[in-house]
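As they're listed, the protein sequences go chains C and D.
Numbering-wise (numbering that gives the first Met the number 0), the first sequence opens with residue 0 and increments by one.
Numbering-wise (numbering that gives the first Met the number 0), the second sequence opens with residue 0 and increments by one.
All C-beta atoms, glycine included, are put in the ideal place defined by N, C-alpha and C.
Every value quoted in this text rests on a predicted model; they were computed, and no experiment measured them.
The structure appears right after this line, and notes come after that.
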Amino acid sequence: MSALEVMDAVGAAAPPWTLTLVDVNFDFVEETLEILERRPALRGKLRLASEVLFGEEVDQLAAAGVAATADWRSLIPPKVYRSW
Amino acid sequence: MAIAYELEPPPNPHGGPLPVTYVLTGDAVVQKRDSFIPRWRTLASLAEAKAYLAAQVEARLQRGFTLVGPREVADEVPHVEVGRDLTIAFDTETRRMTAHFQDADEPPSEEKFAALHACLRRREPHSLHVATEGDWQGLELAQTLVPSLKAFIFDWQTAPRQARCSVGDVAHILAACPSLTRACVSGASSLSATRHESLRELHFMGAPLHPSILPALAASDFPALETLGLSHEDWRHLSIDEIVQVLGAIKARSWPRSASTECPRSRSWTPWAPPRRRGR
């Protein structure tokens with residue numbers, strides 16, 4: 000199961016929550032944009048955490064309603080609970 | 000009163016050093032935030048303690064850290080050692096308790112759980128982080144906990160060890176802590192269908208997740224839940240449809256703001272995980 004498959008399936012289900020996918024090596028920008036074309040319910044409800052996206056790719060994703068960040072550590076343990 | 004000197008590391012997108020706090024408390028200097036259990040150094044006099052503290056702070060400043068403070072804080076509480084393999088630390092300022100079970104060979108005895116329970120009752124912490132370096136199976140940690148807890152963390156093991164580590168049924172932990180707002184549980188702990196009124200943030204990490212987790216999440220009721228994090232060593236044994244169905248079935252008053260999924264290619268949250276080369 001890849002991040003793209005999860006993205007596609009969640010997009011098809013169109014849930015009301017935001018999906019955050021943490022994959023430090025994710026660089027499938029074109030494929031993500033294709034999925035967003037097919038699954039418009041994902042727009043504004045998808046966050047991607049990856050270390051390998053270029054600035055222009057982050058901008059491209061933002062224009063399509065996807066928030067991309069390189070700071071994946073703040074989203075998952077142990078950093079997520081460091082201040083608990 | 001004690002004096003705290005907080006030092007923030009220079010920004011580093013790849014992780015870098017952790018922030019550190021030095022607390023001058025009596026004739027001792029306590030170093031914390033950069034280690035699991037705070038390190039105490041007791042000096043011969045207050046003057047020596049101050050000199051030691053100044054040298055430590057200066058060394059960090061030279062490495063690019065930024066000093067925040069100093070400021071007055073409550074006196075530190077020395078950590079408790081139970082036998083050779085359990086250390087319990089309590090941070091008076093954050094009301095955070097840390098219990099570190101170091102024995103890699105044996106699950107904790109009733110005596111050690113009793114000692115932890117006594118510390119919890121005495122300090123009434125808001126947060127408890129339990130860490131173990133050993134295999135925990137067939138244990139029920141819930142009976143050790145206290146209702147004052149607002150955050151519970153069970154995490155320390157390496158990924159290979161997670162399959163052999165459990166704190167029992169997490170539903171029992173939630174039931175023992177009605178004020179809990181945040182929980183993070185790693186390993187092979189199970190979950191049965193439950194309801195919790197105040198839980199806002201819930202993370203499960205497993206290598207693999209216990210098979211009861213997803214069905215129990217679908218059958219549970221978390222009216223305050225905002226964030227659900229799922230990290231799984233290998234998602235190949237689960238169907239996407241099942242995951243989507245489960246996330247859709249969670250009964251939350253307002254749907255989770257975020258459902259985080261760590262994907263198999265990233266598998267590890269270790270800061271040294273090297274990015275794949277891009278072949279463009």
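By alpha-carbon distance to residue 79 of chain C, the top candidate from D:27, D:229, D:239 and D:144 is D:229.
Think of a sphere of 8 angstroms around the beta carbon of residue 150 of chain D: the chain C residues whose beta carbon falls inside it are 80 and 83, in chain order.
Cβ neighbours of residue 16 of chain C within its own chain (closer than 8 angstroms, five residues either side excluded): 44. Per DSSP, residue 99 of chain D is one residue of the beta strand (DSSP E) stretching across 95 to 100.
Taking every protein chain shown into account, the CB of residue 170 of chain D has 16 or more other CB atoms within 10 angstroms, so this residue is buried. Within the segment 34 to 71 of chain D, the complete beta strand (DSSP E) runs of at least 3 residues fall at 38 to 41. For residue 166 of chain D, there is no enclosing alpha helix (DSSP H), as DSSP marks it with neither H nor E. By the Cβ criterion, the segment 135 to 155 of chain D is in contact with the segment 175 to 185 of chain D, since at least three pairs of Cβ atoms, one from each stretch, lie closer than 8 angstroms. When C:52, C:23 and C:14 are compared, the shortest CA-CA separation from residue 38 of chain C is found for C:14.
Distance from the CA of residue 3 of chain C to the CA of residue 22 of chain C, rounded to the nearest whole angstrom, comes to 11 angstroms.
For residue 19 of chain D, the closest alpha carbon among the candidates D:57, D:49, D:46 and D:0 is that of D:57.
When DSSP reads this structure, residue 68 of chain C sits in a beta bridge with C:48. About 5 angstroms separates the beta carbon of residue 67 of chain C from that of residue 47 of chain C, a gap short enough to meet the 8 angstroms contact definition. Around the C-beta of residue 75 of chain D, 16 or more other C-beta atoms lie within 10 Å, and the residue is accordingly described as buried.
Looking at the DSSP output, residue 204 of chain D bridges to D:185 and D:230.
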